[in-house]
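Going by the working numbering, the sequence shown opens with residue 73, and the numbers climb by one from there. Reviewing the structure listed below.
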Amino acid sequence: MLVADPHCHTFASDGMVSPAELVDAAVRAGLNLIAITDHDTMANAREVVERGEAAGLAVVAGQEVTTKGPAQTHILGWFLEKPIRRSMTVTDSVAAIHDQGGLVIIPHPFMPVYFGSIQPGMLRRLIDKEAVDGMEVMFTVPIGARRRKVLDDFLIENRERLGAHVGASDCHFGRHDIAQVVTAYEGDFRTAV
C-alpha cells in the first residue's frame with residue numbers, strides 16, 4: 073500500500089514553506105506521493121516535481137483554482153501542464169481542467185464559504201452538468217457533526233457521480249501539518265483514483 077497527501081501548498085500561494093521544505097517534509101513523513109496545489113498558480117510546481125524526483129518522491133503537478141464569485145469556490149486540478157485561469161465559473165473551471173487531461177477533485181466540501189468550499193446545492197448542480205473525478209472526504213479542517221452528516225448523506229446519495237474518495241491534509245506548514253490526513257492507494261496513483 074502506498075500513501076499520498078494530494079493537497080499541498082508552498083509560498084507561491086498561501087503556504088509557509090519552500091518547494092525544498094515541502095519535499096523534505098513529505099519524505100520525512102514517509103509519503104510516496106504528494107500533489108502540489110498552490111492557489112491560482114503553478115509557479116512552484118516544476119521545482120517541486122524536480123525536487124521530488126531527486127528524492128524518490130512522486131509529485132503530481134496541480135492547482136487549487138479559485139472560481140468566480142460570489143462564493144469563490146475552490147476546485148483542485150491534478151495532473152496539469154499549465155495553470156488554470158481563476159475567476160471562471162465552477163463549471164468552466166472543471167471543463168478547463170478536463171480539457172488538459174487533468175483530474176477534478178472537490179476539496180474540503182461543505183465547510184463554511186470562507187474556506188472556499190463548495191456547498192451541497194452547487195455541487196449537485198455541478199455533477200448534473202460535469203463529471204468530477206474525486207472528492208476529499210477526509211481533511212484536517214474540523215467539520216462538526218452536522219456538516220459531517222450532510223457530507224456523509226451526500227456521498228451516499230451521489231456515490232457513483234463523485235469519483236474517488238480521497239483524504240488530504242491541505243498542507244500549508246510542511247512538517248507541521250503534512251500527512252495528517254492521507255490517501256492510501258495501490259499501483260499508479262492516477263489509475264487508482
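Think of the CB as a built atom: it goes at the ideal place given N, C-alpha and C, for glycine as much as any other residue.
C-beta atoms of residue i and residue j nearer than 8 Å
i, j, result
"VAL132", "VAL166", "no"
"GLU202", "ILE177", "no"
"VAL75", "VAL254", "yes"
"THR82", "LEU94", "yes"
"VAL120", "THR145", "no"
"ARG118", "ALA92", "no"
"ALA217", "ALA101", "no"
"LEU234", "LEU227", "yes"
"MET114", "GLU258", "no"
"ARG158", "ASP112", "yes"
"LEU152", "ILE169", "yes"
"GLY193", "HIS237", "no"
"VAL99", "ALA143", "no"
N-terminal and C-terminal residue of the alpha helix (DSSP H) that residue i is part of
i, result
"ASP224", "217-230"
"ALA13", "The chain is shown only over 73 to 265; residue 13 falls outside these bounds and no answer can be derived."
For residue i, three-class secondary structure by DSSP
i, result
"ILE108", "strand"
"PHE151", "coil"
"MET210", "strand"
"PRO91", "helix"
"HIS81", "coil"
"THR163", "helix"
"ALA240", "strand"
"GLU125", "helix"
"PHE190", "At residue 190 the sequence reads Ile, which differs from the Phe that was named. ILE190 falls in the coil class under three-state DSSP."
"HIS180", "coil"
"ALA98", "helix"
"VAL185", "helix"
"ALA203", "coil"
"ALA168", "helix"
"LEU234", "coil"
Bounding residues of the beta strand (DSSP E) (the contiguous stretch that carries residue i)
i, result
"ALA115", "ALA115 -> no beta strand (DSSP E), and no H or E assigned at all."
"THR255", "255-257"
"THR138", "130-138"
With 16 other Cβ atoms within 10 Å as the buried cut-off, status of residue i
i, result
"PRO179", "buried"
"ASP171", "exposed"
"HIS248", "exposed"
"ALA89", "One detail in the question is off: residue 89 reads as Val in this sequence, not Ala. Buried, since its Cβ has 16 or more Cβ neighbours within 10 Å."
"SER189", "buried"
"THR139", "buried"
"GLY134", "buried"
"PRO181", "buried"
"PRO78", "buried"
"ALA34", "As shown, the chain starts at 73 and ends at 265. That puts residue 34 outside it, with no answer to give."
Are three or more beta carbon pairs between the region 104-112 and the region 121-132 nearer than 8 Å?
-> yes
Check whether the region 239-250 touches the region 211-229, counting contact only when three or more Cβ pairs, one atom from each stretch, lie closer than 8 Å.
-> In this structure the region 239-250 lies against the region 211-229, because at least three pairs of beta carbons, one per stretch, are closer than 8 Å.
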